[in-house]
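>
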Amino acid sequence: MHRYAFVGTTLAGVQVKGTERANSRSDAEIALYERELRNLRVTEKKSLLRYEISGPRIKREHVMHLSRQIAAFLRAGLPIIDAVHSIGTESENSSVRRMMNEIEDGLRTGERFSDALDKFPKVFPEYYRGIVRSAELTGELDTALGRLAIYLERDLESRRKIKSALIYPTVIAAMSVVTVLVLSIYVLPKFEDFFATFDAKLPLPTRILLAFTNFIGQWWWALLAGFAALLLIGWLLLRFYPVKYARDAFLLRLPVLGETIQYMLVERFCRVLASMVSAGVNLPDAMAVATGSMRNRVFIKRLNGVTEQMLEGQGMADPLARTQLFPGTATQMLRVGEETGTLDTQLEVTAQYYEVELDYKIKKVTALFEPAVIVVMGLIVGFVAVALVSAMYGIFNQVEI
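In terms of the working numbering, the sequence shown is residues 53 to 453.
(1) Identify every run of the alpha helix (DSSP H) within the stretch 94-162, keeping only runs that are complete inside it and at least 4 residues long; order them along the chain.
(2) Within the continuous beta strand (DSSP E) that includes Gln-67, where are the two ends?
(3) Does DSSP put Arg-211 in a helix, in a strand, or in coil?
(4) Which two residues bound the contiguous alpha helix (DSSP H) that contains Gly-380?
(5) Using three-state DSSP, classify Asn-348 as helix, strand or coil.
(6) Among Glu-192, Pro-307, Met-368, which has the Cα closest to the Cα of Arg-127?
(7) Relative to the C-alpha of Phe-378, which candidate in Val-428, Leu-431, Thr-312 has its C-alpha closest?
(8) If we ignore side chains and look at the alpha-carbon of each, how far apart do Asp-134 and Ser-166 end up?
(9) Going by DSSP in three states, Val-175 sits in which element: helix, strand or coil?
(10) Alpha helix (DSSP H) containing Val-324: first to last residue?
(11) Can you find the residues in the same chain that come closer than 7 Å, C-beta to C-beta, to Arg-185, ignoring five residues on each side of it along the sequence?
(12) What's the C-alpha gap between Arg-387 and Gln-398?
(13) Identify every residue that forms a DSSP beta bridge with Arg-90.
(14) Can you tell which of Lys-296, Thr-402, Lys-242, Thr-359 has the C-alpha that lies nearest to the C-alpha of Val-36?
(15) Enumerate in chain order the residues of its own chain whose CB-to-CB distance from Gly-107 is below 7 Å, with the five nearest sequence positions on each side excluded.
(16) Got a sec, what are the start and stop residues for the alpha helix (DSSP H) Pro-257 sits in?
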């Protein structure tokens, strides 16, 4: 049973407030209606403790499914209020359920769907709300939501590919670190006590390894404090725009990885811009929203300059080429779209092209990253093994002599 706070009016016109226990919001509304209450506004109520341990955050997957469901309901002829109500009632995610209930309340008070979404900027990005707002004006909300669902699905697929590509080298690195720590913390101290019983000179690798482990054992607290201080300083510095800009510029200049990031941003920019232009958003507004969807400050700064040049009548392809952030293939495709009046189509084609190129780049980064991690970790573990084995042979040889 859930608790619901409600506000309503009696048949005599007196406003009343209170709480009602029910299995769902619909059951609560029915029970209150049977008590002759009208103009109801019912919201789920939770204690602080229950709110902390429940209510998972709304992820991008949820937004994708919501978009697809609402689009399907609208195509079937269901009013937007009923579609939102149905999704809120059936959702197993308590955060999604509460959000849909609030959106439904806003719709019942006369708000547009886009206005209701504006209350949740962390869930629905600016480009999402901009496309919905434009689609409401053109009467193609179902089409726009369907396109948004497809875009979100492709974006999630790209993220999954990147995460899956990093899983194997991350596991190898973690296992290697654990192995070294076990050897250093539990194995080496026992060997050190064993070596101390012999008045023998240890080989250089063994002395280096023992000195390192002794240093870690004595000063681990200082190392942890220093690491925490570096994280804190880094966090404080990244609050300043110049530092963020320098970090983003550095990432774009990295070999292999920088080009992968560039392709990812180009693909996202073209995908968002194509969705907005197809939804009927005018190009300057679409450019502003697509620019805001970028996570890289270098892209944002230079794309803002592109918008200014567009307003001066210079078009889009040439200013994009002058940013030196967009590959020649992308600008050439967009130039064709401008000249033939098929910019939305060319943006979608460009996004698809760089989606394939991005897959290739991710595989290339993974192919370089995995051997590098294995070689580095192998060298570390190998050095530990050589230090131990050489010490054993050295001691045995000296004892025999």
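Glycine included, every Cβ here is placed at the ideal spot set by N, Cα and C.
Just so you know, these numbers come straight off a predicted model, no measurement behind them.
For this structure:
(1) 100-105, 112-127, 132-142, 146-160
(2) Indexing the sequence shown from 1 puts residue 67 at position 15. Run containing Gln-67: 67-74, per the beta strand (DSSP E) assignment.
(3) Numbered from its first residue, the sequence shown carries residue 211 at position 159. Looking at Arg-211 - three-state DSSP - the assignment turns out to be helix.
(4) Here residue 380 corresponds to residue number 328 of the sequence shown, with the count starting at 1. Residues 380-392.
(5) The residue labelled residue 348 in the question sits at position 296 within the sequence shown. Of the three classes helix, strand and coil, the one that applies to Asn-348 here is coil, per DSSP.
(6) Here residue 127 refers to the residue found at position 75 when the sequence shown is read from its first residue. Checked all of Glu-192, Pro-307, Met-368; the closest Cα to Arg-127 is Glu-192.
(7) Start at 1 with the first residue of the sequence shown, and residue 378 comes out as number 326. If we check each option's Cα against that of Phe-378, Thr-312 comes out closest.
(8) Taking the first residue of the sequence shown as 1, we reach residue 134 at position 82. Taking the first residue of the sequence shown as 1, we reach residue 166 at position 114. About 16 Å.
(9) Taking the sequence shown and counting its residues from 1, the one referred to as residue 175 is at position 123. Val-175 falls in the coil class under three-state DSSP.
(10) What you label residue 324 is simply residue 272 of the sequence shown in a count that begins at 1. Segment 309-330, the alpha helix (DSSP H) holding Val-324.
(11) Numbered from 1 along the sequence shown, position 133 holds the residue referred to as residue 185. Result list for Arg-185: Ser-166, in chain order.
(12) Mapped onto the sequence shown, residue 387 falls at position 335. Mapped onto the sequence shown, residue 398 falls at position 346. Cα to Cα, Arg-387 sits roughly 9 Å from Gln-398.
(13) Along the sequence shown, read from residue 1 onward, the residue named residue 90 stands at position 38. Beta-bridge pairing links Arg-90 to Thr-61.
(14) Because the chain spans 53 through 453 in this model, residue 36 falls outside it and cannot be assessed.
(15) Counting from one through the sequence shown, the residue named residue 107 turns up at place 55. Residue confidence for Gly-107 is low, a pLDDT of 45 falling below 50, so the modelled location carries little weight and cannot support an answer.
(16) For the purposes of this step, residue 257 is identified with residue 205 of the sequence shown, where counting begins at 1. Start and end: 256-289.
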